[in-house]
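S.K.: Protein sequences, first through last, are from chains R and W. Okay, so the first sequence: first residue is 0 according to numbering that gives the first Met the number 0, each after it adds one. Okay, so the second sequence: first residue is 0 according to numbering that gives the first Met the number 0, each after it adds one. Each residue gets a CB set at the ideal place from its N, CA and C atoms; glycine is no exception. Got a structure for you, written out below as structure tokens; questions coming shortly.
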Amino acid sequence: MSEATDGIAITLYQNRFRQVAEEMGETIKRSAFSANIKEREDHSCALFNHAGEMIAQAAHIPVHLGAMPATLNAVRARIKDFAPGDVVIVNDPYAGGTHLPDITLVSPFFHEKELAFFLVSRAHHSDVGGMTPGSMPLSTEVFQEGLILPPVKLFEEGQRNEALFQVILKNTRTPHERQGDLNAQLAAHEIGGTRLKQLIAADGYPQLKRMAKVLLDYAEEKVGAALSAWPKGEATFSDNITIPGTSKSAAIHCHLCIDASGIVVDFTGTDDQVMGPINAVKSIVDSAVFYVCRTLWPASIPHNGGAHRPVQIKTRQGSLLDARSPAGVVGGNVETSQRIVDVLYGAFAQLLPEKVPAASQGTMNNLTIGGLDHDGNPYTYYETIGGGHGAHALGEGLSGRQSHMTNTRNTPIEALEQAYPFWIETYALRENSGGMGKYQGGDGLARTYVFEKEAFVTLFSSRRRQAPYGLTGGAPGQVGNQSKVNSKGETEPLPDSFTLTFFPGEKLQIQTPGGGGFGTEESP
Amino acid sequence: MLGVDTGGTFTDFVAVKNGAIQIAKIPSTPANPAEAILQGTLLLVMNEETQVIHGTTVATNAILERKGAKTALVTNAGLTHVLLIGRQDRPELYASHPKLPQPLIPRELCFGLRVRRNAQGEIHQELNEHEVIALAKELQRLNVEAVAVGFLHAYACDEDEKRVGAILNEHLPGVPISLSSSVLPVFREVERLMTTAMNASVTPKVSEYISKLSDGLGSRPLYLMQSNGGTLLPQQAQAQSIRLALSGPAGGVVAAFHLAKEVLNTDAPQLLTLDMGGTSTDVALCPGTIPYAQDHEMNGMPMALPVIDIHTVGAGGGSLVRLDAGGALQVGPQSAGAVPGPICYGHGGTQLTVTDANLFLGRLRQDWALGTEGEIEPEQQAVVRAVSALADEMHLPPEQVAQGILDVVNEHMVHALSKVSVQKGFDPRDFVLVPFGGAGPIHMCALAEQLNIQKIIIPPTPGVFSAVGLLLADRMVDKIQSLFAKGDDEALISRLEKLCAVSKATLLDSFEAQEQEQVYFEWELSLRYAGQSHEISVPLQAPQQLRGSLDMFHQRHLEMNGWQKHEAPEVVALTTRAICKKPGVKMVKASGATSPEQSGRLFDGEWQEVLVAERSSVENTIEGPAIVLQEDTTLWISEAWRGDVHASGALILTPKEGL
Numbered sequence: 000m001s002e003a004t005d006g007i008a009i010t011l012y013q014n015r016f017r018q019v020a021e022e023m024g025e026t027i028k029r030s031a032f033s034a035n036i037k038e039r040e041d042h043s044c045a046l047f048n049h050a051g052e053m054i055a056q057a058a059h060i061p062v063h064l065g066a067m068p069a070t071l072n073a074v075r076a077r078i079k080d081f082a083p084g085d086v087v088i089v090n091d092p093y094a095g096g097t098h099l100p101d102i103t104l105v106s107p108f109f110h111e112k113e114l115a116f117f118l119v120s121r122a123h124h125s126d127v128g129g130m131t132p133g134s135m136p137l138s139t140e141v142f143q144e145g146l147i148l149p150p151v152k153l154f155e156e157g158q159r160n161e162a163l164f165q166v167i168l169k170n171t172r173t174p175h176e177r178q179g180d181l182n183a184q185l186a187a188h189e190i191g192g193t194r195l196k197q198l199i200a201a202d203g204y205p206q207l208k209r210m211a212k213v214l215l216d217y218a219e220e221k222v223g224a225a226l227s228a229w230p231k232g233e234a235t236f237s238d239n240i241t242i243p244g245t246s247k248s249a250a251i252h253c254h255l256c257i258d259a260s261g262i263v264v265d266f267t268g269t270d271d272q273v274m275g276p277i278n279a280v281k282s283i284v285d286s287a288v289f290y291v292c293r294t295l296w297p298a299s300i301p302h303n304g305g306a307h308r309p310v311q312i313k314t315r316q317g318s319l320l321d322a323r324s325p326a327g328v329v330g331g332n333v334e335t336s337q338r339i340v341d342v343l344y345g346a347f348a349q350l351l352p353e354k355v356p357a358a359s360q361g362t363m364n365n366l367t368i369g370g371l372d373h374d375g376n377p378y379t380y381y382e383t384i385g386g387g388h389g390a391h392a393l394g395e396g397l398s399g400r401q402s403h404m405t406n407t408r409n410t411p412i413e414a415l416e417q418a419y420p421f422w423i424e425t426y427a428l429r430e431n432s433g434g435m436g437k438y439q440g441g442d443g444l445a446r447t448y449v450f451e452k453e454a455f456v457t458l459f460s461s462r463r464r465q466a467p468y469g470l471t472g473g474a475p476g477q478v479g480n481q482s483k484v485n486s487k488g489e490t491e492p493l494p495d496s497f498t499l500t501f502f503p504g505e506k507l508q509i510q511t512p513g514g515g516g517f518g519t520e521e522s523p
Numbered sequence: 000m001l002g003v004d005t006g007g008t009f010t011d012f013v014a015v016k017n018g019a020i021q022i023a024k025i026p027s028t029p030a031n032p033a034e035a036i037l038q039g040t041l042l043l044v045m046n047e048e049t050q051v052i053h054g055t056t057v058a059t060n061a062i063l064e065r066k067g068a069k070t071a072l073v074t075n076a077g078l079t080h081v082l083l084i085g086r087q088d089r090p091e092l093y094a095s096h097p098k099l100p101q102p103l104i105p106r107e108l109c110f111g112l113r114v115r116r117n118a119q120g121e122i123h124q125e126l127n128e129h130e131v132i133a134l135a136k137e138l139q140r141l142n143v144e145a146v147a148v149g150f151l152h153a154y155a156c157d158e159d160e161k162r163v164g165a166i167l168n169e170h171l172p173g174v175p176i177s178l179s180s181s182v183l184p185v186f187r188e189v190e191r192l193m194t195t196a197m198n199a200s201v202t203p204k205v206s207e208y209i210s211k212l213s214d215g216l217g218s219r220p221l222y223l224m225q226s227n228g229g230t231l232l233p234q235q236a237q238a239q240s241i242r243l244a245l246s247g248p249a250g251g252v253v254a255a256f257h258l259a260k261e262v263l264n265t266d267a268p269q270l271l272t273l274d275m276g277g278t279s280t281d282v283a284l285c286p287g288t289i290p291y292a293q294d295h296e297m298n299g300m301p302m303a304l305p306v307i308d309i310h311t312v313g314a315g316g317g318s319l320v321r322l323d324a325g326g327a328l329q330v331g332p333q334s335a336g337a338v339p340g341p342i343c344y345g346h347g348g349t350q351l352t353v354t355d356a357n358l359f360l361g362r363l364r365q366d367w368a369l370g371t372e373g374e375i376e377p378e379q380q381a382v383v384r385a386v387s388a389l390a391d392e393m394h395l396p397p398e399q400v401a402q403g404i405l406d407v408v409n410e411h412m413v414h415a416l417s418k419v420s421v422q423k424g425f426d427p428r429d430f431v432l433v434p435f436g437g438a439g440p441i442h443m444c445a446l447a448e449q450l451n452i453q454k455i456i457i458p459p460t461p462g463v464f465s466a467v468g469l470l471l472a473d474r475m476v477d478k479i480q481s482l483f484a485k486g487d488d489e490a491l492i493s494r495l496e497k498l499c500a501v502s503k504a505t506l507l508d509s510f511e512a513q514e515q516e517q518v519y520f521e522w523e524l525s526l527r528y529a530g531q532s533h534e535i536s537v538p539l540q541a542p543q544q545l546r547g548s549l550d551m552f553h554q555r556h557l558e559m560n561g562w563q564k565h566e567a568p569e570v571v572a573l574t575t576r577a578i579c580k581k582p583g584v585k586m587v588k589a590s591g592a593t594s595p596e597q598s599g600r601l602f603d604g605e606w607q608e609v610l611v612a613e614r615s616s617v618e619n620t621i622e623g624p625a626i627v628l629q630e631d632t633t634l635w636i637s638e639a640w641r642g643d644v645h646a647s648g649a650l651i652l653t654p655k656e657g658l
């Protein structure tokens with residue numbers, strides 16, 4: 000290494016670039032409007048070089064982890080004439096997006112006349128139109144899921160495209176909130192640009208550009224070093240995911256190969272795309288794969304485009320994991336991504352049995368509630384519910400927590416009951432729902448909602464039929480379930496995904512899955 | 000007056016007698032912290048009336064080490080696991096083997112009562128006293144030592160908690176009961192109940208400790224430092240012990256604020272504090288006032304009482320240096336601690352630390368290194384060997400490696416200082432830097448240069464500055480009340496007037512009779528736009544001046560977030576602080592014997608000869624580059640800076656030519 004690219008500079012610049020992304024993320028969190036972003040931190044920011052390689056990312060939610068490079072590729076493929084002050088907006092899953100609620104902004108950063116970097120922010124917007132409030136419907140095609148924005152300029156040389164902006168606001172149930180959240184994203188780009196200018200002023204653009212490249216190579220080298228310690232070999236694993244509204248399920252199949260040159264993850268054996276919302280675009284697969292890798296390789300490896308180089312991901316067009324338009328994809332992010340993790344971990348477990356945990360709850364239990372509040376104003380509320388984590392070689396799984404591709408916090412019950420016409424009767428650990436074993440899987444959660452006013456409810460979940468698997472002799476966790484308690488106190492079971500109107504006095508009970516156990520239970 | 004600050008390794012004492020400061024350090028006695036205190040008190044104390052102001056870590060350690068009392072939680076049926084579930088997130092995003100800290104209260108000690116109120120405080124399900132009595136008997140059978148009681152929406156109506164508290168008191172004599180509505184009556188159940196549970200769990204230990212200490216001090220009045228930078232009477236600290244839990248770093252900020260007021264001759268100084276110790280560094284930004292926050296965590300658990308808003312990073316003098324698998328130089332967060340400590344301490348440390356790098360470059364001249372031209376101590380040789388070995392591995396000159404270690408640790412601290420300033424919309428150029436702690440004054444110039452800071456105020460005794468803060472802290476009690484109202488609600492002003500009057504009356508009771516006349520009040524409103532879930536706090540001069548607070552909120556929101564809305568914000572909480580100002584403590588510059596100036600070799604881009612002076616012999620000004628030695632720390636003034644001695648004894652650095 001030359002004098003200026005030594006181990007000291009690597010640490011300094013790794014921190015500096017990461018801080019640009021982190022500060023953008025903090026800005027969004029601080030200034031956004033919706034609870035979805037502020038409390039649940041369903042947003043991410045990243046810095047890319049001019050060639051579309053990711054230099055640094057602040058991912059608060061793993062499902063955004065690998066998906067941003069695809070966005071940059073799609074944006075760069077469609078838009079050639081970038082100018083200072085431009086901001087591109089996109090949510091089209093078939094052109095760089097993942098599912099419609101995730102709206103991404105991309106802005107070029109110029110140093111003098113040179114296109115030097117791209118700043119990217121992505122946030123889950125709590126309503127982008129579509130069939131149901133909250134835009135998380137049990138759809139069969141993408142057109143039912145909301146407003147589709149292919150990569151287009153929302154700002155041209157600093158001027159907002161008012162026509163486009165009005166169309167966006169007109170296509171959401173909560174325009175006021177959309178405006179606030181988009182403003183928060185724009186503020187993040189502003190801050191990101193300011194920080195880059197400061198870095199350039201301090202060290203000069205050539206040094207910054209060079210260090211960005213050095214960091215990519217450095218991450219690649221570190222991944223190579225980590226992989227060299229892993230056993231070489233091949234493994235295959237598959238698991239199913241239920242198709243909402245049907246009694247059928249689709250199989251996700253993975254062939255994993257670790258050799259001297261890197262990792263190949265091949266999902267081409269997965270079933271065809273389905274009529275339903277659980278299809279995924281390839282960038283979801285990328286996110287899930289990089290999430291799993293990141294939990295398995297050393298934490299000190301910077302997360303940038305260089306770390307992705309030794310990992311090859313194969314999918315088949317027209318399959319569940321590489322869907323063609325107009326397949327419905329809203330659940331690819333939330334449900335299918337969790338199952339991809341389960342399948343890939345299942346394959347890794349055969350090669351790295353001490354490193355891999357048993358299956359966690361494998362769902363996000365997406366619940367959307369809409370209606371009129373006590374003052375007669377329309378509201379939309381979205382939440383995901385934690386569950387059991389898989390046990391692992393070092394101990395029990397966590398109970399009642401978010402797992403894998405999400406880590407959003409809950410909304411305080413006291414905040415909920417202030418704002419909405421329903422209350423929470425039960426929110427507790429579901430005792431003994433984790434799979435038994437030498438180490439027990441974590442417990443799922445039990446949550447009961449009591450409706451005071453008529454409410455339109457959508458649940459989108461999985462792991463109600465196929466239990467989260469145990470490993471090395473551990474038992475599977477219990478599947479989840481849900482039911483309605485009517486005003487007479489009678490309980491009726493409900494399917495794993497449904498849209499239903501609840502009337503005053505009725506209750507919804509949800510029990511989330513437990514995690515799989517690890518190791519054979521020792522007999523006393 | 001005597002300030003006593005208990006730390007992990009040493010207990011620091013600062014006494015003021017006729018304006019002159021006396022310092023002492025005594026090894027701490029963790030098994031019984033009072034022992035070291037009583038020793039030190041005998042050493043320094045002048046008479047039987049001397050006030051003793053104490054910063055203790057008894058509450059902190061009980062929480063961090065889970066050595067508090069056997070505590071039960073009593074909450075609503077259906078929600079008994081509220082603290083185990085927490086906010087439902089996991090602490091680390093990318094862990095294949097995730098772990099949670101041990102719960103403060105285990106699952107089997109969490110109980111639910113069938114009682115419920117709605118958000119307005121109205122009854123959903125009425126309390127059944129027989130159920131409470133049965134529970135009391137169960138708690139007695141389990142030999143529970145403390146109980147935390149917290150029901151949903153108790154901030155809106157505290158009747159159920161009070162009734163349960165009274166019944167438990169009756170059936171569990173001697174067992175302290177903490178009610179969430181008295182510890183922290185604000186909404187967000189996890190944060191409120193966790194704070195209440197922590198309070199219950201530390202109360203028996205803290206109470207016993209304070210009783211013993213009071214007995215030992217005899218007639219000398221005792222005050223305890225709290226996390227908000229004010230002091231409490233012993234009986235208050237025994238009732239709300241959790242208020243002591245984050246008092247450790249508070250003293251330094253209080254002292255820095257007082258010093259900056261005096262030096263800058265203003266009541267509203269703008270300063271950044273930098274308290275760099277062995278394992279961590281605490282930074283705070285004071286924008287004309289001491290800042291408070293209510294979102295602190297202790298070991299993964301929210302502690303939502305207002306505390307001085309301090310940001311901590313795991314980087315300090317003892318931070319360990321290593322090369323990672325990719326050949327990048329990493330510093331911290333692991334630390335050499337007090338044992339074995341840095342290599343240069345000679346206590347068996349073999350891994351390089353920041354302190355060793357400072358020593359290698361000549362920045363840290365310990366007394367044994369002075370005047371030993373030509374012959375160096377074995378510890379110094381060990382440092383030279385370690386730096387050279389690392390330099391060989393990195394194929395770089397040793398000086399560059401040592402400088403690189405400092406660059407990396409400085410980067411961590413610049414990040415911390417940016418987090419509290421630029422990331423909140425403040426420009427560090429408008430602030431003065433106040434460095435203290437054992438290592439702060441060695442790194443100050445590099446940090447100020449990176450952040451474009453134009454003035455540094457170095458306290459007279461940077462090494463024991465937290466203990467100095469104890470002497471300066473005011474008597475203070477605070478109270479928060481939840482209220483949900485729109486800022487333009489016409490009834491709001493009269494509602495605020497009533498709330499302010501009530502909190503005035505309750506808080507006055509916490510002061511001694513002779514103090515009550517001097518007590519004054521400060522109010523703060525927590526505001527947000529409708530739909531937001533984070534609040535911004537702004538001062539409220541008086542209920543009639545609500546308009547001013549709302550304007551200030553819009554302005555702060557714009558500064559912090561880049562936008563504002565033209566609608567009235569929501570008012571979420573009112574904080575009242577009752578303060579009894581401490582009479583000014585005059586501390587005069589200690590005039591030590593002047594010693595002859597010397598010179599030493601130091602690396603700053605190149606090896607050079609620099610001035611080495613004793614702090615006490617710096618009369619008026621000193622020009623960088625210079626090393627200044629003093630009993631409790633070492634200062635490194637780099638070439639760009641000049642220092643002027645202020646009447647307070649502080650040394651004020653400004654750039655020789657604007658930076």
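For the region 205-231 of chain R, which residues have a CB atom closer than 9 Å to at least one CB atom of chain W, in sequence order?
M.R.: Tyr217, Ala218, Glu220, Lys221, Ala224, Ala225
S.K.: In whole angstroms, what separates the C-alpha of Phe435 of chain W from that of Glu25 of chain R?
M.R.: 29 Å
S.K.: Whole angstroms is fine: what's the gap from Leu499 of chain R's alpha carbon to Thr457 of chain R's?
M.R.: 7 Å
S.K.: By the three-class DSSP mapping on this structure, what secondary structure does Ser398 of chain R have?
M.R.: coil
S.K.: Could you please tell me which residues of the region 95-123 of chain R, in chain order, have their CB closer than 9 Å to any CB of chain W?
M.R.: none
S.K.: What are the start and end residues of the beta strand (DSSP E) that includes Arg321 of chain W?
M.R.: 318-322
S.K.: I'd like the list of long-range same chain contacts for Ile104 of chain W, defined as Cβ closer than 8 Å, with 5 residues on each side in sequence excluded.
M.R.: Thr70, Ala71, Leu72, Leu82, Ala147, Ala196, Ser200
S.K.: Just to make sure I have the definition right: I need the residues of chain W whose C-beta is within less than 7 Å of the C-beta of Asn182 of chain R. Which are they?
M.R.: Trp562
S.K.: Going along the chain, which unbroken runs of the beta strand (DSSP E) with 3 or more residues stay wholly within the region 45-96 of chain W?
M.R.: 51-54, 70-75
S.K.: By how many angstroms is the C-alpha of Gly111 of chain W removed from the C-alpha of His533 of chain W?
M.R.: Counting only the Cα atoms, Gly111 of chain W lies some 30 Å from His533 of chain W.
S.K.: Taking Cβ to Cβ, would you say Leu1 of chain W is nearer than 8 Å to Val57 of chain W?
M.R.: no
S.K.: I want to verify the contact list: residues of chain W whose CB lies under 9 Å from the CB of Thr407 of chain R, in sequence order.
M.R.: Gln87, Asp88
S.K.: If the cut is a Cβ gap below 7 Å, which residues of chain R does Gln329 of chain W touch?
M.R.: Per Cβ cutoff of 7 Å: Thr10.
S.K.: Does Met210 of chain R come out as helix, strand or coil in the three-state DSSP assignment?
M.R.: helix
S.K.: With Ser43 of chain R as the anchor, note down where its alpha helix (DSSP H) starts and where it stops.
M.R.: Boundaries around Ser43 of chain R are those of the beta strand (DSSP E), 42-48, since no alpha helix (DSSP H) includes it.
S.K.: Looking at the unbroken alpha helix (DSSP H) that takes in Leu405 of chain W, where does it start and where does it end?
M.R.: 397-419
S.K.: Look at the alpha carbon of Val484 of chain R and the alpha carbon of Gly77 of chain W, and state the distance between them as a whole number of angstroms.
M.R.: 16 Å
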